[in-house]
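Asker:
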Amino acid sequence: MLNVEDYAVHRKTGWIGKVTGYGHLMLNGTYLPTLKVHLLKGSGAVQGSIIEDLSSSWMEVEAEYSHSV
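Going by our numbering, the first residue of the sequence shown is number 1344, and it counts up by one from there.
Right, here's the structure in full:
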């Protein structure tokens, strides 16, 4: 489980950002957890954007990367 302030990478797009919050999506009557992530420079997306996607779409960035940001 990713926590606020953790760095995360999107499994499909490779975008990297910092987790800023949590949310949920309702699909077929089921609540699914989401993460709100502030995208970082060089992530291949619009820098500074905040996106929300299913938490299962994100994974934690390796420690060496998060210390260099």
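Here a beta-carbon is modelled for each residue, glycine too, at the ideal position from N, C-alpha and C.
Since the model is a prediction, treat every value here as computed from it, not as a measurement.
To the nearest angstrom, report how far apart V1352 and K1361 are at their CA atoms.
Answerer: Roughly 9 Å separates the two Cα atoms.
Asker: Can you check which of these residues, K1355, G1372, P1376, N1371, is closest to L1345 by C-alpha distance?
Answerer: Comparing Cα-Cα distances from L1345 to each of K1355, G1372, P1376, N1371, the minimum goes to P1376.
Asker: Quick check: what's the CA-CA separation for R1354 versus W1401?
Answerer: One C-alpha to the other measures close to 6 Å.
Asker: Is I1359 near K1379, with beta carbons less than 8 Å apart?
Answerer: No. Outside cutoff.
Asker: Over the uninterrupted beta strand (DSSP E) stretch that includes M1344, give me the two end residues.
Answerer: Neither: M1344 is in no beta strand (DSSP E) and is coded neither H nor E.
Asker: Excluding sequence positions up to five away, which residues of its chain have a Cβ less than 7 Å from the Cβ of G1366?
Answerer: Contacts found: T1377, K1379, E1395.
Asker: Can you find the residues in the same chain that come closer than 7 Å, C-beta to C-beta, to V1404, ignoring five residues on each side of it along the sequence?
Answerer: The answer, listed in chain order, is Y1350, A1351, V1352, I1359.
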